[in-house]
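S.K.:
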Amino acid sequence: MITLLSLLLASVLAAAPFPAGATAADRSVPAYDHVFVIMEENKSYEQIMDPKAAPNISRLAAIYGKATQFYAEVHPSEANYMALVGGDTFGIHDDDAFYCKPGPSKDPFCSGSTEAGYVDHTIHLPHIGAQLEAKGLDWKGYYENLPASGSLAVTAGDLKATNGLQTAALYASKHSGFINFASVQTDAHRAHHIVDFERLAADISANRLPAFALIVPNQCNEMHGLHGDGVPSDCDGSIDLPGLIRRGDAEVGRLVAALQRTKAWNSKQNVAILIGFDEGAGRTREGCCGVTPNAISNFGGGHIPMVVITNHGPHGLSDPTAYNHYALLRTLEDAFRLSDYLGHAADNTAGVVPMTPLFAVDRAKR
Numbered sequence: 001m002i003t004l005l006s007l008l009l010a011s012v013l014a015a016a017p018f019p020a021g022a023t024a025a026d027r028s029v030p031a032y033d034h035v036f037v038i039m040e041e042n043k044s045y046e047q048i049m050d051p052k053a054a055p056n057i058s059r060l061a062a063i064y065g066k067a068t069q070f071y072a073e074v075h076p077s078e079a080n081y082m083a084l085v086g087g088d089t090f091g092i093h094d095d096d097a098f099y100c101k102p103g104p105s106k107d108p109f110c111s112g113s114t115e116a117g118y119v120d121h122t123i124h125l126p127h128i129g130a131q132l133e134a135k136g137l138d139w140k141g142y143y144e145n146l147p148a149s150g151s152l153a154v155t156a157g158d159l160k161a162t163n164g165l166q167t168a169a170l171y172a173s174k175h176s177g178f179i180n181f182a183s184v185q186t187d188a189h190r191a192h193h194i195v196d197f198e199r200l201a202a203d204i205s206a207n208r209l210p211a212f213a214l215i216v217p218n219q220c221n222e223m224h225g226l227h228g229d230g231v232p233s234d235c236d237g238s239i240d241l242p243g244l245i246r247r248g249d250a251e252v253g254r255l256v257a258a259l260q261r262t263k264a265w266n267s268k269q270n271v272a273i274l275i276g277f278d279e280g281a282g283r284t285r286e287g288c289c290g291v292t293p294n295a296i297s298n299f300g301g302g303h304i305p306m307v308v309i310t311n312h313g314p315h316g317l318s319d320p321t322a323y324n325h326y327a328l329l330r331t332l333e334d335a336f337r338l339s340d341y342l343g344h345a346a347d348n349t350a351g352v353v354p355m356t357p358l359f360a361v362d363r364a365k366r
C-alpha cells in the first residue's frame with residue numbers, strides 16, 4: 001500500500017541531487033519509485049521484434065517504447081549481467097562460476113581458469129544494489145528455480161521433477177550478475193536480496209516491491225534453452241527455436257501482466273518495467289557506448305531488444321539513440337538519484353548517455 005512514508009520518500013528522491021558528472025539529459029530523467037528489469041537471453045533485435053515470433057514483447061514494444069539501437073558488451077552471457085549492475089565486464093569473457101580464480105583448477109565450473117587473460121570472477125567493487133542500500137532503498141534479484149533464498153549454488157534444477165530436469169541447470173548463477181560481487185557473497189542479508197520466483201509472487205501479492213529488481217526466468221523460460229533428459233522440445237533451441245522464443249515470450253507476458261496489476265503500477269508513483277536481453281544471437285560483435293572492439297571482454301555483444309514500459313510515460317516511442325547496458329545503468333542511477341555513476345556508466349566521452357526519452361513522464365497521466 002502507498003503510505004505517507006512512501007510518499008515522503010518519493011518527494012525526497014525527486015529533490016535529491018543527481019550523480020556527479022550528470023548532464024542536462026541526465027537531469028531530465030524523472031525520479032522513479034520502482035524499476036523492474038526482466039532479462040531474457042541470446043536473441044537479436046530482429047528475432048524478437050517480429051510479432052509472429054514474439055507477440056507479447058513486440059506488442060508491448062509497440063504500445064510503450066523501445067530502444068531500436070541497443071547493444072550488449074560481450075559474449076557470452078555472464079559479463080553482460082555484471083555490466084548492467086556494476087558498469088563493467090571486469091575482464092570476464094566466459095561463463096565460469098563466480099568464485100573462480102586464475103590458475104589450475106579441477107572444478108568443472110572453472111574450466112577456463114588456465115587460459116590467457118583469465119581474471120578473478122569475484123569483484124571487489126560496488127554494484128547498484130550497494131548504491132541503493134546507501135540511499136536507504138531496497139533491491140532484489142529474483143531468480144526462477146533458485147534452490148533457496150541467498151543460495152550460492154552455481155546451477156540448480158527443479159527438485160520436484162522426476163526426470164533430468166531435477167538436476168538440469170534451470171537456474172544458473174552466470175545469469176545472476178549480483179552474485180559475482182564479494183559484498184553480495186558475504187552479505188549477512190543475502191537471503192533477503194537473492195530470492196526465487198515464489199518470493200516474487202509473494203512480494204507482488206503483498207505489494208512489497210523493492211525499488212529495483214532484476215528478474216531472471218529459468219533457462220527454459222528466458223530463451224536460453226537446455227538439452228537432455230526431460231527437457232521439453234520448446235526449451236531445446238536446437239530442436240525448436242521458434243518454440244523456445246514463444247515460451248520465453250509467454251513468460252515475459254505473464255510477468256509484465258502481474259507487475260501491471262500491482263498497486264504501485266496503478267498509482268501516482270513512477271514505475272518502469274524493462275524487457276531486456278543479455279547478448280545477441282550468434283557471436284556478432286556489434287556494440288556501442290564504452291565498448292572497446294579489440295578488448296578481450298568488452299568488444300560488443302550484438303544488437304539486442306530493449307523494451308521500456310512505464311506507467312506514466314510515452315506510448316508508441318521508438319528511440320534510435322545508441323544505448324547498451326552501461327547506458328541503462330546510468331539511467332537507473334539517475335532515476336534513483338544515486339551518488340555516482342559506476343564504471344563505464346560514467347563514460348560521457350564514449351557516448352554513454354541516459355535513456356531519457358524512454359523514461360520521460362507525462363504529468364497529465366499521473
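In case it helps, the working numbering puts the sequence shown at residues 1 to 366.
The beta carbon of each residue, even a glycine, is placed where N, CA and C say it ideally should be.
Please tell me whether residue 88 and residue 112 are closer than 8 angstroms, where the distance is taken between their beta carbons.
M.R.: Result no, Cβ atoms of residue 88 and residue 112 do not sit closer than 8 angstroms.
S.K.: Does the contact criterion of 3 or more C-beta pairs under 8 angstroms hold for the region 331 to 342 versus the region 125 to 142?
M.R.: At 8 angstroms Cβ cutoff, the stretches touch.
S.K.: My guess is that residue 109 and residue 100 are in contact by the Cβ rule of under 8 angstroms, so how many angstroms apart are they, rounded?
M.R.: With a Cβ gap of about 7 angstroms, residue 109 and residue 100 count as contacting.
S.K.: For residue 279, list the residues DSSP reports as bridge partners.
M.R.: Answer is none; residue 279 lacks a bridge partner.
S.K.: Under the three-state reduction of DSSP, which class applies to residue 134: helix, strand or coil?
M.R.: It is helical.
S.K.: Find out if the Cβ-Cβ distance for the pair residue 213, residue 265 is shorter than 8 angstroms.
M.R.: Not closer than 8 angstroms, so no.
S.K.: If I measure Cβ to Cβ from residue 2 and keep anything under 6 angstroms in the same chain, skipping five residues before and after, which residues do I get?
M.R.: Because the pLDDT of residue 2 is 47, which lies under 50, any placement of that residue in the model is unreliable, and the number read from its coordinates should be weighed accordingly. So the list reads 267, once near-sequence residues are dropped.
S.K.: According to DSSP, is residue 350 helix, strand or coil?
M.R.: DSSP places residue 350 in helix when its eight states are reduced to three.
S.K.: Do three or more CB pairs link the region 179 to 195 to the region 15 to 29 at distances below 8 angstroms?
M.R.: No contact exists between the region 179 to 195 and the region 15 to 29.
S.K.: Ends of the alpha helix (DSSP H) at residue 178?
M.R.: Counting along the chain, residue 178 falls outside any alpha helix (DSSP H), and DSSP gives it neither H nor E.
S.K.: Taking the beta strand (DSSP E) that residue 51 belongs to, which residues open and close that run?
M.R.: Note, residue 51: premise wrong, no beta strand (DSSP E); not H, not E.
S.K.: With a cut-off of 8 angstroms, do at least 3 Cβ pairs link the region 270 to 280 to the region 300 to 308?
M.R.: Taking 8 angstroms as the limit for Cβ pairs, the verdict is that the region 300 to 308 does touch the region 270 to 280.
S.K.: Taking contact to mean at least 3 C-beta pairs separated by less than 8 angstroms, is the region 290 to 298 in contact with the region 42 to 51?
M.R.: The region 290 to 298 vs the region 42 to 51: no contact.
S.K.: Thinking C-alpha only, which one of 184, 358, 325 is nearest residue 84?
M.R.: Looking at the Cα atoms, 325 is the closest of the given residues.
S.K.: Quick check on the burial criterion: 16 or more other C-beta atoms within 10 angstroms. Buried or exposed for residue 247?
M.R.: Burial call: buried.
S.K.: Residues in the same chain with beta-carbon distance under 8 angstroms from residue 104, minus the five sequence neighbours each way, listed in chain order, please.
M.R.: Excluding residues within five positions, the ones whose Cβ falls inside 8 angstroms are 113, 114.
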